[in-house]
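All letters in the sequence shown, in the order written, are residues 21 to 156 by this note's numbering.
Positions of the beta carbon are idealized from the N, C-alpha and C atoms, including for glycine.
What follows is a set of notes on a single structure, which appears directly below.
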Amino acid sequence: MLKPKLLREFIAKSDPFFQQSAEALEVYVTEGQVIATGTASNSFLYRYKLNVLAMDYPNPLDNLALPVMKWVREQQPDLIFNPEKREAGIRFDADILNNDAADILIVLQVTERVTVDSSSGKDVITHLPEPKFQPK
């Protein structure tokens, strides 16, 4: 899986708080599935919840939501452009710790397509990029 690392790096670069407090940002996977494509190849799909936990976050939720949405636009665009998926594909919870900080959990429903080419006698595994969506 590539997306957890990509998302963590993107958020860390986007928010000075995480550059100073890297331990305050956790990215982890829950409810993962490996789904066979049902074809002759061994290709498959990962489907999982990608969780972003910002602990003791001192900034407005907007400061965290914006980089997440920018990342989603590139890495999981169906959560923006598919009306059915955008309804439930991005969720959050917040535990307001005090007037200055909150623990914020953002949960994204993501997929990663993986092709397996065995034509050379060796398995060559490739993670495919997301298709580009054109807004209407």
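Using 10 angstroms around the beta-carbon of Phe153, count the other beta-carbons present and answer buried if the total reaches 16, otherwise exposed. Position 133 of the sequence shown holds residue 153. Under this definition Phe153 is an exposed residue.
Where Lys25 and Val72 are concerned, what is the direct C-alpha to C-alpha distance, given to the nearest angstrom? The residue given as residue 25 occupies position 5 in the sequence shown. The residue given as residue 72 occupies position 52 in the sequence shown. If I take the Cα positions, the gap works out to 11 Å.
Can you tell me the Cβ-Cβ gap for Ala114 and Leu81, rounded? I've got them flagged as a contact below 8 Å. Your numbering for residue 114 matches position 94 in the sequence shown. Your numbering for residue 81 matches position 61 in the sequence shown. That pair is a contact at about 7 Å.
Would you mind stating whether Val47 and Tyr66 have Cβ atoms separated by less than 8 Å? Position 27 of the sequence shown, counted from the first residue, corresponds to residue 47. Position 46 of the sequence shown, counted from the first residue, corresponds to residue 66. Contact flag unset, no.
Under DSSP, the alpha helix (DSSP H) around Asp76 begins and ends at which residues? Start at 1 with the first residue of the sequence shown, and residue 76 comes out as number 56. First-last for Asp76: 64-77, but that is the beta strand (DSSP E), not the alpha helix (DSSP H).
For Leu81, three-class secondary structure by DSSP: Counting from one through the sequence shown, the residue named residue 81 turns up at place 61. Here Leu81 sits in helix by DSSP.
Looking at the structure shown, is Phe30 part of a helix, part of a strand, or coil, going by DSSP? In the sequence shown, counting from the first residue as 1, residue 30 sits at position 10. In this structure, Phe30 counts as helix in the three-state DSSP scheme.
Which of helix, strand or coil DSSP assigns to Ala56: Taking the sequence shown and counting its residues from 1, the one referred to as residue 56 is at position 36. Here Ala56 sits in strand by DSSP.
Cβ-based burial, Asp35 [other Cβ within 10 Å; buried from 16]: If you number the sequence shown from 1, residue 35 lands on position 15. Its Cβ being crowded by 16 or more others within 10 Å, Asp35 is buried.
DSSP beta-bridge partners for Val92? Position 72 of the sequence shown, counted from the start, is the residue given in the question as residue 92. None; Val92 has no bridge partner.
Can you give the beta carbon distance from Glu94 to Leu22, rounded, assuming they're within the 8 Å contact cut? The residue labelled residue 94 in the question sits at position 74 within the sequence shown. The residue labelled residue 22 in the question sits at position 2 within the sequence shown. Not quite, the Cβ-Cβ distance comes to about 13 Å (not below 8 Å), so this is no contact.
Any beta strand (DSSP E) of 3 or more consecutive residues that is wholly inside the stretch 86-152: 110-116, 122-137, 144-147
Compute the Euclidean distance between the alpha carbons of Ser139 and His147, then round it to the nearest angstrom. Sequence index remark: in the sequence shown, residue 139 carries index 119 (1-based). Sequence index remark: in the sequence shown, residue 147 carries index 127 (1-based). If I take the Cα positions, the gap works out to 17 Å.
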